[in-house]
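**Q**
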RNA sequence: CGGGCUGUGGCGCAGUUUGGUUAGCGCGCUGCGUUCGGGACGCAGAGGUCCCCGGUUCAAAUCCGGGCAGCCCGACCA
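Numbering (the working numbering), first residue to last: 132 to 622.
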């Protein structure tokens with residue numbers, strides 16, 4: 132797109148990810164023929180395109196298949212935490228948002244408002260949900276009568292719209308797909324515990340175990356808190372360029388919304404009490420995070436759990452024996468339970484096909500060609516390390532299994548090491564601002580404070596979260612004084 | 001919304017300063033042939049409202065005015 136530097140003005144980055152064009156490897160000369168290939172293939176062409184409305188994206192089938200697998204992993208954990216899926220309306224009466232003062236103040240600037248319906252002007256405008264606290268709670272008010280109705284734990288997988296001033300492909304689009312959970316509890320402690328359970332057991336666990344992306348957890352400062360929340364907790368990850376990305380948030384809403392929407396229940400003594408609430412969400416941004424945290428110069432690198440295909444068997448030549456052996460091997464892999472595809476498009480060059488699968492991030496490729504077969508062997512290529520090994524045909528399935536078992540751990544270890552190397556422990560706001568130029572800085576909150584936060588803002592640096600020096604979460608009611616602020620440049 | 005940059009076949013761009021008639025190039029695409037173990041080559045083709053509207057002019061991709069959209073930097077955010 133316009134404004135991007137031309138190919139001869141390296142180095143370039145796309146969404147902060149270095150582009151590989153011409154930088155290394157056997158493909159150097161060819162890669163130079165594909166300016167902006169990383170963005171082209173991974174972010175824009177393979178996963179997203181611009182739509183007619185500014186700042187939107189199309190998620191292509193390969194990207195969506197990744198999202199579906201991630202969604203499945205999240206949904207399973209959400210249900211394990213006791214929440215059930217439901218669906219609430221897309222259109223919200225504008226008046227609903229006004230019921231919670233901070234909430235409306237926070238979201239008003241970015242609302243998409245519908246003023247006409249059926250060819251007529253509406254008596255009251257409706258907004259396209261930017262988040263659903265207000266609609267959900269309008270129903271909670273009816274559903275919650277007794278302490279026996281609590282806790283009420285619901286989740287929905289929907290799209291939301293936020294007319295952001297500035298959008299960024301995949302990381303901040305004006306429409307996005309997410310999961311939002313809403314709960315009501317009888318006590319503050321229970322609500323808090325639930326918000327933390329989602330934060331740690333659902334979000335952090337999925338990020339570490341499924342995305343293989345390490346995250347820091349903590350709570351937001353007043354400045355960064357969700358509009359309407361008492362306390363916002365977050366998982367923060369570091370992208371390949373050292374910038375921070377908020378991967379997920381879980382909010383303690385206190386009684387703010389229950390008072391606004393009159394969600395009251397009779398407790399065991401028969402006294403009417405306002406419910407204590409939480410809300411929490413993660414979005415398709417996580418797929419963007421996957422690209423930016425693990426992608427390399429050759430495209431995506433996917434943990435097998437999220438890879439739409441774990442292994443591709445590539446028939447190198449249109450040779451009868453090659454095709455039949457490749458087909459049989461693909462069948463064996465499928466029988467062994469792997470998501471596998473046979474690539475027998477021998478009318479397309481071998482190099483082209485190799486690179487296609489590499490860009491897509493398929494963790495393992497098995498190449499079957501006449502030379503291999505002459506020796507009774509096949510070539511197994513590991514995507515994330517770009518290494519090849521040659522094994523006897525009979526050992527192909529176990530070799531694939533062996534390689535697949537290493538991928539997520541390797542990616543995770545690499546990301547862990549990167550995060551550690553780019554995180555500095557500092558003592559002053561000035562040092563924190565400097566360190567944040569390349570990564571995260573951890574600095575005592577007592578030396579930052581609201582003033583220091585302002586100062587950091589002048590360097591485009593913000594406090595991502597507050598945590599104990601050992602990285603653990605603050606206790607209930609614990610003051611922030613003894614906590615450490617994790618600061619960085621955020622997406 | 002402020003500052004900077006850009007908009008030309010599917011993609012990436014040149015051409016715009018100093019208007020000039022058939023708007024070029026690379027990649028991709030189609031056909032044929034030769035190739036084929038890391039983005040092949042030859043030949044022959046197809047494909048364009050030069051972002052939109054208006055103006056100046058004998059003549060506008062090019063100059064002027066106004067829109068719209070995108071990218072980068074801020075303020076705001078999953």
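Note that CB positions come from ideal geometry on N, CA and C, so glycine has one too.
Just so it is clear, the structure is predicted and the values come from calculations on it, not from any experiment.
1) Please classify residue 283: does DSSP put it in a helix, a strand, or coil?
2) Taking the C-alpha atoms as reference points, what is the distance between residue 651 and residue 518?
3) Does the beta-carbon of residue 325 have 16 or more other beta-carbons within 10 angstroms, so that it is buried, or is it exposed?
4) In chain order, what residues of the same chain lie with their CB nearer than 8 Å to the CB of residue 390, ignoring the 5 residues before and after it?
5) Just to confirm the assignment, what range does the alpha helix (DSSP H) spanning residue 486 have?
6) What did DSSP end up calling residue 351 once you bin it into helix, strand or coil?
7) Verify whether the separation of the beta carbon atoms of residue 546 and residue 424 is less than 8 Å.
8) Write down the C-beta distance between residue 563 and residue 618 rounded to the nearest angstrom, noting that I regard them as a contact closer than 8 Å.
9) Are there 16 or more other CB atoms within 10 angstroms of the CB of residue 274, so buried, or fewer, so exposed?
10) Near residue 501, which residues of its chain fall below 8 Å by C-beta distance, leaving aside the five closest residues on each side in sequence?
11) Quick one: Cα of residue 205 to Cα of residue 508, how far?
12) Beta carbon of residue 366, beta carbon of residue 308: below 8 Å?
13) Consult DSSP for residue 590 and reduce its assignment to one of helix, strand or coil.
14) How would you label residue 374, buried or exposed, when you count the other beta carbons within 10 angstroms and need 16 or more for buried?
15) Would you check if the distance between the CB atom of residue 246 and the CB atom of residue 261 is smaller than 8 Å?
16) First and last residue of the alpha helix (DSSP H) that includes residue 271?
17) Excluding the five sequence neighbours on either side, which residues of its own chain have a C-beta within less than 7 Å of the C-beta of residue 176, listed in chain order?
18) When you compare the region 211-221 with the region 277-293, are there three or more beta-carbon pairs, one atom per stretch, that lie closer than 8 Å?
19) Under 8 Å Cβ to Cβ from residue 569, same chain only, skipping five residues before and after it: list those, please.
20) Given that a residue counts as buried once 16 or more other Cβ atoms are within 10 Å of its Cβ, and exposed if not, what is residue 250?
21) Quick check on the DSSP output: the beta strand (DSSP E) that includes residue 375 runs from which residue to which?
22) On the CB-based measure, 16 or more other CB atoms within 10 Å of its CB, does residue 523 come out buried or exposed?
23) By the three-class DSSP mapping on this structure, what secondary structure does residue 567 have?
24) Go through its chain and collect everything with a Cβ distance to residue 224's Cβ below 7 Å, but skip five positions before and after it.
25) Give me the Cα-Cα distance between residue 486 and residue 253, rounded to the nearest whole angstrom.
26) Spatial neighbours of residue 161 within its chain, please: C-beta separation below 6 Å, excluding the five flanking residues on both sides.
27) Bridge partners for residue 521 per DSSP, in chain order?
28) Which residues in the same chain as residue 196 place their Cβ atom closer than 6 Å to its Cβ, once the five residues preceding and following it in sequence are excluded?
29) At what residues does the beta strand (DSSP E) containing residue 245 begin and finish?
30) Let's see if you can read the secondary structure: which residues bound the beta strand (DSSP E) around residue 312?
31) Cβ atoms of residue 200 and residue 437: under 8 Å apart, would you say?
32) What first and last residue would you give for the alpha helix (DSSP H) that runs through residue 202?
33) Going by DSSP, name the residue or residues bridged to residue 472.
34) Could you spell out where the beta strand (DSSP E) holding residue 650 opens and where it closes?
35) For residue 361, which option in 248, 323, 243 has the closest C-alpha, if you only look at C-alpha atoms?
36) Could you spell out the range, first to last residue, of the beta strand (DSSP E) harbouring residue 616?
**A** Quick look at the numbers:
1) strand
2) Here the chain comprises residues numbered 132 to 622, so residue 651 is not present and cannot be evaluated.
3) buried
4) 405
5) 481-491
6) coil
7) yes
8) 5 Å
9) exposed
10) 447, 448, 450, 452, 453
11) 40 Å
12) no
13) coil
14) buried
15) no
16) 264-274
17) Only weak support is given to the placement of residue 176: the predicted model assigns it a pLDDT of 37, under 50, and the value that follows is read from those uncertain coordinates. Closer than 7 Å at Cβ, skipping near neighbours: no residue.
18) yes
19) 373, 553
20) exposed
21) 375-385
22) exposed
23) coil
24) 255, 257
25) 53 Å
26) The pLDDT assigned to residue 161 is 25, lower than 50, so where the model puts this residue is not dependable, and the model offers no usable value.
27) 510
28) 439
29) 243-248
30) 306-316
31) yes
32) 192-211
33) 443
34) Given a span of 132 to 622 for the chain in the structure shown, any question on residue 650 remains unanswerable.
35) 323
36) 615-619
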